[in-house]
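Have a look at the structure below, then the notes.
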Amino acid sequence: MYSAFKKALPQVSIFHRASSPPSASALQLLQSALAGPYPPSNPAAPPLQFDLEVVDAAPPTADQLPIILSYLSHLSHRSGSSPARKEAAPKINIPISAFLSAHAASASPPAGDARAVAQLARESPDALRWPIVVDWTGGRASVGDVEGVKGILEAIRAQRDGEAGGEDIQQPKGWFS
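Here is the structure:
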């Protein structure tokens with residue numbers, strides 16, 4: 141009856157390629173965070189709760205790429221700050237080529253052309269940096285980096301444990317706030 145007042149679970153997607161070792165590690169990390177205590181160093185801790193969508197061997201769409209890129213640019217200025225800090229840092233512009241592997245970056249499409257990157261990824265999946273992990277609810281992303289996935293999980297843990305600062309939680313303003 142009051143389902144509108146329940147807190148929504150974070151929606152996390154992993155664009156996964158089984159032949160990529162970082163992608164396999166990231167998927168294992170995400171699955172273990174759901175199944176066992178998180179952080180693993182604290183056996184008394186409960187597992188994290190989030191909805192995990194595994195997208196096997198399919199790249200993000202041309203519409204998703206700019207959104208993920210915006211999450212990367214917002215996350216990059218937070219990486220050195222603690223969650224409790226509320227200072228506004230400037231947004232860092234990250235080129236669309238951030239999705240491309242080193243050998244594909246030399247033949248990268250024009251900057252800002254998400255459609256060209258999506259087309260290249262469909263034609264040559266090895267051109268992408270796998271995995272691409274996105275926390276759609278928290279506005280966080282990681283491309284080709286297991287450490288970035290750990291950062292996303294840590295942010296979800298901090299939110300679960302009530303340690304997240306206001307900048308990381310996007311809540312609507314209105315009647316009940």
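Letter by letter, the sequence shown follows residues 141 to 317 of this note's numbering.
Even glycine gets a Cβ: it sits at the ideal position worked out from N, Cα and C.
### Query
Thinking just about the alpha-carbon of each residue, which of Ser210, Gly176, Leu240, Ser241 is nearest to the one in Asn233?
Per the Cα distances, Ser210.
### Query
Start and end of the alpha helix (DSSP H) containing Leu293?
Here the alpha helix (DSSP H) through Leu293 covers 286-300.
### First and last residue of the uninterrupted beta strand (DSSP E) at Arg280
Per DSSP, the unbroken beta strand (DSSP E) holding Arg280 starts and ends at 280-283.
#### Entry: Supposed close pair Leu188, Arg297 - CB separation, criterion 8 angstroms
Rounded to whole angstroms, the Cβ separation of Leu188 and Arg297 is 6 angstroms, and the two are in contact under 8 angstroms.
### Message
Quick test of your reading: Ala164 and Ile154, contact by CB under 8 angstroms. State the CB separation rounded to the nearest angstrom.
### Response
The Cβ separation is near 11 angstroms, so there is no contact.
### Status (buried if at least 16 other CB within 10 Å, exposed otherwise) for Ser101
Lying outside 141 to 317, the shown extent of the chain, residue 101 is not represented and no answer is given.
### Query
Per DSSP, Ser153 is paired with what?
In the DSSP assignment, the residues bridged to Ser153 are Glu193, Val274.
### Query
Quick one: what does DSSP say Leu260 is sitting in, helix, strand or coil?
In the three-state reduction of the DSSP assignment, Leu260 falls in the helix class.
### Task
Taking only the alpha-carbon atoms, compute the straight-line gap between Ile272 and His156 and give it to the nearest angstrom.
About 7 angstroms.
### Message
I need the DSSP call for Leu188, collapsed to helix, strand or coil.
### Response
It is coil, neither helix nor strand.
### Message
Given a cut-off of 8 angstroms on the beta-carbon distance, is the pair Ala295 and Gly284 in contact?
### Response
With respect to the 8 angstroms criterion, Ala295 and Gly284 are not classified as neighbours on the basis of their beta carbons.
### Task
Following the continuous alpha helix (DSSP H) through Ala175, name the residue where it begins and the one where it ends.
Here the alpha helix (DSSP H) through Ala175 covers 161-175.
### Classification of Ala242 by the beta-carbon crowding that lies within 10 angstroms, buried from 16 upward
Only exposed fits Ala242, as fewer than 16 other CB atoms lie within 10 angstroms of its CB.
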